[in-house]
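Chains A and B are the protein sequences, given in the same order. Read left to right, the first sequence gives residues 665 to 1565 (this note's numbering). Read left to right, the second sequence gives residues 20 to 230 (this note's numbering). Quick reminder that beta carbons are idealized off the backbone N, C-alpha and C, glycines included. First up is the structure itself, then whatever we jot down about it.
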Amino acid sequence: MRIPPPSSHRSTSPSRFYWTAPYVAVVLFALAMFVLVWILQRHEAEIERNALMRDVQWADQTIQTHFIANERFLAQLARDIAIDEMTAETFQARANQYLANNLELLNIVWIDASGAMRWAAPLDTEDWLPGDVLSPTQGQIARLARELGRAAYGLPYRTSHGTTQMEVVLPVNRGRSPHGFIVAEYSIEGLLRHLVSPWFSEKYYLRLIDGTGETLVANAASPHINPTLSPLIVFDPPGNGLALRVAALNTDTSPSKVLPIVLIVGLSVLVFWSLWALRSHIDSRTRAERERDQLFDVSLDMLCTLTMGGAYRRVNPACERTLGYPSEQLVGHPLYELVHPDDQADMRLALARLADGAACTFEARVRCADGSYKWLVWNANPVPNDQVIYAVAHDITKRKATEEAWRAESAFRKAMEQSVRTGLRATDLHGCVIYANPAFCDLVGYKHDEIIGLRVPFPYWPDEDVPRNMEIMLAGKIPPEGEETRIQRKDGRQVDVQIMISPLIDSAGVQTGWMTAMSDITESKRIRAELEAAQERFVAVLDGLDTAVYVADARTDSILYANRALLANFGAHALGSSTYSLSLPQPERGDYPVDPRHLQHDALPFELFDGELQQALTGRWYHVRERATRWVDGRIVRMVIATDITDRKQVAELNRQQEERLQQTSRLITLGEMASTLAHELNQPLSAIANYSSGCVNRLQSGRYKPEELLSAMQKTSHQADRAGKILRRIRDFVRKSEPRLAAIQLADVVEDALGFAEIDARKYGVRIDNEIPSALPAVHADRIMIEQVVLNLVRNAAEAMHATPGAERVVKVHALLKEQMLEVSVSDRGHGVSAEDRDKLFTAFYTTKPDGMGMGLNICRSIIEFHNGRLWAEDNPGGGCIFRFTLPLEHAFEHHAEPA
Amino acid sequence: MLLNTTQNPPEQTVHIIDDDEALRDSLIWLLETEGHTVATYPSAEDFLLAWSPEMRGCALLDVRMPGMSGLELFEKLLTLHNTLPIIFITGHGDVPMAVTALKKGAIDFIEKPFNDRDMLKLIEQCLSIDREKHSQWRQNAETARRREQLTGREREVLELIVAGRLNKQIADDLGISIKTVEVHRARVMEKMGVASLAELVQLVMAAEVRR
């Protein structure tokens, strides 16, 4: 709801004018008074100045008169001296008398025509002594006086006594001839003291100044003077610029001047203050009125005045807002016109009481402009003298609705508490039961009345649980998920219950007690125990497996279950993490027949994978079976069983590699060394042939030869060529035969060929090979190349074994003998021998005692011999070293066996 | 067969040590055609038995043999202060071994099958080295023999002369008179079989260098 802004400053401009005018008037009045006072004072000052000027003129006149009088007296003296009417005595008498009357003059002397002082008055003057002559300064003045023919004044000067003096010189003429001078001495101080009357001196500040403006004498030290008035009196002609400056002495400011100003200012301030006080008083009154009006206007409550008959007289905007009618429409209409018909009776009753002059309160529904009704509560107060009723109405529609809702809620709760199967009990803070629902009563077997008011310890607590229950009750500490405990029913039966305690908080947020919920869990506890046992069995079985078993969500791949084998092998943190974040052996997504993330429930169960996988990290092999199924919570999961088959796999792999290397090694033995063998073996006969031929050529060339010698050499050459041919043939045979071809072969031939190859190694190791095969032996049934390889391998091993044996003893013996339809061949060496435990491993694959051996040779040899139905083994050589023996079936024995077949 | 000599032994003999009989025989045939005296040995051990410091000529040594190998024999001979120049005969793949031998002082190696011209040239070269070595050895032996004849004092004088001291200084050094030094000096010149001081110094210095 918007409140209209207060219209407080609507009449600001006129009121400001009203308030400004008195202030302006006061200021103007004060200004006028100030001007008046100023004019009066100026007039007074003018009068003072005129008086001063008059006085000064008077003083001027007086001083001038004195100077002229003195000059006349001196001129008289001069004349008298000139005509010799004067004697020293008369001069003395006249001069002294004049000096006594005119105190400004200090002395008078006559200087005669010769320039020497003749007469001086007074007699005791110290300035002049008889016979003194004029000083140069005085001489100058004297000359000036002579030229002028009248009195001449010297410049004032300061004497040694601290006084200031001035001289006047008059020429004395006898007829036309000069007859000396009259010299008179003025005291400057005396001038001021004696020529000016005392009253004048008191009234003014006087200064005698010389031509340069310097003060010679003053009548006061540092006077307060009025600088505006200081006229100058110039003594002309007497002094050279000697003048008197007069200034009026300042008298104290008379109170008559100040008083009017003070009064004017004081009165003005007083007027201002009274104006201000008046204004603030009026302001506060205005504000109070405005506030009252605003209160009426902005009040959220409906305010109105009614006639004693109950009709609206005046309504505030809240009424308009609440009811929706404009105020004009309301005013004049009776109150009950808008009231709901059901409430009109109450309304009339209330109005009747108001008419009697009693205040009253009543609630009524009032129709609004939009047709709806609002609940209003009225507080009305009649003022019979004014024939008016003041009424306040408040909209309580919402409160009414809330009350209704609360009532419904309360009823619902009550029903709920009655019907719920969980026992509910409320206790106050002292442990006294204040509430219990029927379910609780049933649970403990007590009647409702028996329970209410019970105090701890409660009678339904089993005796042995009392201390613990007390603790719980007092501390109020119980886990949020509740606590299991027991109760003893009134009939004595004990029941397992789950209780939950929560604080009972009232609407103000203050705890007033405890609320306890109690439910019977006897049955559920039994079921749970059974489930736990089943679970334990299940886990024990799965954890007992070596096979890793886990269950992963098909969509998110996060692991939901993992057995101990999996946790131990792939990380204890596996649970919850994605299967792809662990190094589990698992197929790539693309290896599944369908993407497990898109499997639907109707396809379950689904065989996802069954195969062998290698774990990238450890290289171990697993047989992995994956199957999509429904998990306990309904989602689709991959259930995976991964069995470590590395060992099994390794054995198979070993067998395969062994097979591969058997072939590889055969090829290495035959082809790998072919080139080297060929080169080595052919070197010998070729070198010999070259030597024989060169020798023959040389001898034939030289002519020194015997034919039989040449013949022998040529025969030897041919023999060596044969030898070379044999070597080549042998190698060719070796290359040609790759398939095992069993045939009757002479062992001696085989051994010879093998030794042909073995010789290369024998030479390398500095080993001699003794071929001790008897020449007459029956043929054996065997593959020639294979047996050759076996012999070669054994002889080579023998030669290598003797690297540490002294040179002379480095002999490999190859021997053969007949033994029970078999031919037994032995290869013996004098090497380091084989220890008993090594001998067992000798024939296993990858076992070797040689630093660069592959460990395949003897293994292959045994394979070959066993292929021939023979046997290969090793034994100690009695003279040191080792003997390898193998047996081969005789050809005729083979035929004998083969024929029946 | 320890020693196989088919001709009147001249001063120098070519010793051939190889386990292949055909090769030995063919080499005898080839070298005797060229007028060399040849001795052959089927194994290193056989050669060691026959060896003496006075042996003259050269040796052709097969690198690879049963029993003691050519290289082992060569090292054994080095310890015996053998002066006989040695050439190695190598088969296929033995070249690195031969190079090792070369570094240890063998004259050269020749790879089988070899060209007879190269072979003969190499043998000629070896024999001339041997001859030079022998004449030096003989000269040294002669110088040494003569020095043996000097008395103790004469030997001292000889050393000081060779060191470039004057007679007067020698007399001072040994505390004897110049006359005596001159007598000793004359004796030394006479016994050493030289006519001048320069000749004496040259003789002694050459022997020192070769020693």
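Quick check on residue i - is its C-beta less than 8 Å from some C-beta in chain A?
i: PRO85/B; result: yes
i: TRP70/B; result: no
i: PHE107/B; result: no
i: GLY183/B; result: no
i: GLY7/B; result: This structure cannot settle anything about residue 7/B, because the visible part of chain B is limited to 20 through 230.
i: SER147/B; result: no
i: SER154/B; result: no
i: GLY110/B; result: yes
i: SER215/B; result: no
Could you say which of the options lies nearest to residue i if we only look at CA atoms?
i: ILE1409/A; options: ARG822/A, ALA1352/A, LEU1552/A, GLN1082/A; result: LEU1552/A
i: LEU923/A; options: GLN705/A, PHE1421/A, ASP1417/A, SER1382/A; result: GLN705/A
i: TYR1000/A; options: PRO990/A, PRO800/A, ALA1014/A; result: ALA1014/A
i: SER1439/A; options: SER865/A, ASP1413/A, SER944/A, VAL979/A; result: ASP1413/A
i: PHE1104/A; options: PHE1076/A, LEU1088/A, THR1186/A; result: LEU1088/A
i: PRO998/A; options: SER865/A, GLU992/A, GLY974/A, VAL1215/A; result: GLY974/A
i: GLN1485/A; options: GLU712/A, TRP937/A, ASN1533/A; result: ASN1533/A
i: ALA1181/A; options: VAL1003/A, ILE1163/A, GLY930/A, ASP874/A; result: ILE1163/A
i: GLU697/A; options: SER1492/A, ALA752/A, SER932/A; result: In the sequence under discussion, the amino acid at residue 697/A is Met, which differs from the Glu named in the question. The option with the nearest alpha carbon to MET697/A is SER932/A.
i: ASP1059/A; options: TRP1070/A, VAL1030/A, ALA1044/A; result: VAL1030/A
i: ALA752/A; options: PRO794/A, GLY905/A, ALA764/A; result: PRO794/A
i: GLY1569/A; options: GLU1555/A, ASN1347/A, THR969/A, ALA1016/A; result: No statement about residue 1569/A is possible, as the shown extent of chain A runs from 665 to 1565 and does not include it.
Taking only beta-carbon atoms, is residue i less than 8 Å away from chain B?
i: GLN1384/A; result: yes
i: GLN1379/A; result: no
i: ASN1362/A; result: yes
i: ALA1229/A; result: no
i: ALA1354/A; result: yes
i: GLY1545/A; result: no
i: GLN1348/A; result: yes
i: ASP1516/A; result: Residue placement at ASP1516/A is flagged as unreliable, the pLDDT there being 49, under the threshold of 50; a coordinate-derived value is accordingly withheld.
i: LYS1370/A; result: no
i: SER1358/A; result: yes
Rounded to the nearest angstrom, how far is the Cβ of residue i from that of residue j, given a contact under 8 Å?
i: LEU1441/A; j: LEU1411/A; result: 6 Å
i: LEU834/A; j: ALA746/A; result: About 11 Å separates the two Cβ atoms, so there is no contact after all.
i: ARG1302/A; j: GLU1317/A; result: The Cβ separation is near 29 Å, so there is no contact.
i: ASP1160/A; j: ILE1185/A; result: 5 Å
i: VAL1213/A; j: ILE1300/A; result: Contact doesn't hold; Cβ gap of about 18 Å is too wide.
i: ILE1116/A; j: ILE1098/A; result: 7 Å
i: LEU139/B; j: GLU53/B; result: 6 Å
i: VAL979/A; j: SER991/A; result: 5 Å
i: ALA1465/A; j: ASP1425/A; result: ALA1465/A to ASP1425/A, Cβ: 11 Å. No contact.
i: LEU870/A; j: ASN883/A; result: 5 Å
i: ALA1204/A; j: LEU1263/A; result: At roughly 31 Å, the Cβ-Cβ gap does not stay under 8 Å, so ALA1204/A and LEU1263/A are not in contact.
May I have the straight-line CA-CA distance separating residue i from residue j, to the nearest angstrom?
i: VAL181/B; j: GLU151/B; result: 26 Å
i: MET208/B; j: GLY171/B; result: 15 Å
i: LEU1248/A; j: GLN1199/A; result: 26 Å
i: ALA1033/A; j: ARG680/A; result: 44 Å
i: ILE928/A; j: LEU880/A; result: 47 Å
i: VAL808/A; j: ILE772/A; result: One detail in the question is off: residue 808/A reads as Leu in this sequence, not Val. Using only the alpha carbons, I get a separation of about 19 Å.
i: LEU1230/A; j: PRO1260/A; result: 21 Å
i: PHE128/B; j: GLU161/B; result: 34 Å
i: ILE1353/A; j: GLN1314/A; result: 56 Å
i: ILE1142/A; j: GLN958/A; result: 58 Å
i: GLY1336/A; j: PHE1421/A; result: Its pLDDT being 49, under 50, GLY1336/A is placed unreliably in this model, and the coordinates cannot settle the point.
i: PRO72/B; j: VAL33/B; result: 15 Å
i: GLN144/B; j: VAL1415/A; result: 44 Å
i: HIS730/A; j: ASP788/A; result: 25 Å
- Query: What are the residues of the segment 36-62 of chain B that lie near chain A, defined by any Cβ-Cβ distance shorter than 7 Å?
  - Reply: The segment 36-62 of chain B vs chain A, Cβ under 7 Å: ASP39, ALA41, LEU42, ASP44, SER45, LEU46, TRP48, LEU49, THR52, GLU53.
- Query: What residues from the segment 120-138 of chain B come within 7 Å of chain A, judged by C-beta to C-beta, listed N to C?
  - Reply: So the list reads LYS131, PRO132, PHE133, ASP135, given in the order they occur along the chain.
- Task: For the segment 1426-1454 of chain A, enumerate the residues whose C-beta is nearer than 8 Å to any C-beta of chain B, in chain order.
- Result: Those would be ALA1426, ARG1427, LYS1428, GLY1430, VAL1431, ARG1432, in chain order.
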